[in-house]
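Written out below as structure tokens is the structure these notes cover.
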Amino acid sequence: MKEKQDKSLAKVNREKLEPACNERTYVPVTDIYEKDDAILVRCDMPGVTQDQVDIHLDNDELEITGKQAMNTPEGYDLLIGEYGTGVFRRKFSIPQLIDREKIRARLHNGVLDIELPKAEQAKPRKIAVTSVG
Amino acid sequence: MYWTDNRAWSPFAELRSLQREMNRLFDGYEGGTAMSRFPALNVWGNSENVIVTAELPGLAVEDLDINVVNNQLSIKGERKSDKPAENSVCHRSERETGKFVRTVRLPYAVENDKVTAVYENGVLTITLPRHEATKPKRIEIKAS
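Top to bottom, those sequences are chains P and U.
Once you know that position 43 of the first sequence is 43 in this note's numbering, the rest is easy, because the numbers rise by one and skip nothing.
Count along the second sequence from 1, add 1000, and you get the number used in this note's numbering.
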């Protein structure tokens, strides 16, 4: 019995060490908008708190990771389980015309907004037509 | 939606969770019939309370309408389009908008006026305490 207990404890610890093993990964649904001066990426990430969001830009690749808070109430049984919780992860390719220094992100009510401002040379410009003669 | 009372502990809990996983697979959990099961609900219960959670990102609290009648809970709401600016162009639109309604049958009648709902980080959590009258009572046996 003692040995059995130790084994079960060891399992719990391992799960803590390797969270990826028993966590599902979800692709957040995303809207992408383009304005004259910026590209806006809007992801649904319910149950993710600000400190659990990780936005990583590596060359052309923008990776968004958000870990959902496990809201399993103590002492309750799951009666209906229609959705699971886990980690939101999605990768995007970012064109070179983005000003990397000015990328901003905001999380509000489970919606993550990322603003990717365009670099100066990529902004649309009105070209004046001059008539000759 | 109706389900049997499976709150009692059973050695088949693991099997049941496996069954749920399988059902989820065959139900076409992702991208099945759109909106018909929106929002997805998780219902937790014990002999005192029921907790209902739903993932509803990007809603305003005033757009949510929660009603309880006896053991029926209904969640009504509307997710409005949140286009960032008038002059913006949409490249990809996966986030759905529109009105939704969802009704669940709870395992017992609840105290309507003690129901609490919290909306945090896009997750709605409703706690429904069991109605006093439906709580199990221990019957004393008197020897004559």
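Even for Gly, the Cβ is constructed at its ideal location relative to N, Cα and C.
- For Leu1041 of chain U, the closest Cβ of chain P is nearer than 8 Å.
- Proximity to Thr1116 of chain U across U:Thr1053, U:Glu1055, U:Thr1127 peaks at U:Thr1127, based on C-alpha coordinates.
- Here the region 1066-1075 of chain U makes contact with the region 1091-1106 of chain U; the two share three or more CB pairs at distances below 8 Å.
- Within the region 46-59 of chain P, Pro46, Gly47, Val48, Thr49 place their CB atoms closer than 7 Å to a CB of chain U, listed in sequence order.
- When C-beta distances to chain P are compared with 8 Å, the residues of the region 1065-1085 of chain U below that value are Asp1082, Lys1083, Pro1084, Ala1085, in chain order.
- In this structure, Gly1058 of chain U places its C-beta atom within 8 Å of the C-beta atom of Val111 of chain P.
- For Lys67 of chain P, the number of other beta carbons within 10 angstroms of its own is at least 16, and it is reported as buried.
- Beta-bridge annotation (DSSP): Asn1049 of chain U is paired with U:Pro1129.
- Residue pairing from DSSP places His56 of chain P in a beta bridge opposite P:Glu63.
- Using a Cβ-Cβ cut-off of 8 Å, Ile32 of chain P counts as an interface residue toward chain U, since at least one Cβ of chain U sits closer than that to its own.
- A Cβ-Cβ distance of about 6 Å is found for the pair Asp31 of chain P and Glu1094 of chain U, placing them in contact under the 8 Å criterion.
- Annotated three-state conformation of Asp51 of chain P is strand, per DSSP.
- Here the alpha carbons of Gly1122 of chain U and Gly1045 of chain U stand approximately 22 Å from one another.
- Between Gly81 of chain P and Asn1042 of chain U, the beta carbon gap of about 6 Å places them in contact (Cβ cut-off 8 Å).
- Look at Gly81 of chain P: its C-beta is under 8 Å from a C-beta on chain U.
- Within 10 angstroms of the beta-carbon of Pro28 of chain P lie 16 or more other beta-carbons, which makes it buried.
- Using a Cβ-Cβ cut-off of 8 Å, Arg42 of chain P counts as an interface residue toward chain U, since at least one Cβ of chain U sits closer than that to its own.
- Rounded to whole angstroms, Asp1063 of chain U and Thr65 of chain P show a C-alpha spacing of 28 Å.
- Asp113 of chain P and Ala105 of chain P do touch by the CB rule: their CB atoms are close to 7 Å apart, below 8 Å.
- Distance from the Cα of Ala1040 of chain U is smallest, within the candidate group U:Glu1014, U:Ser1074, U:Leu1015, U:Gln1019, for U:Ser1074.
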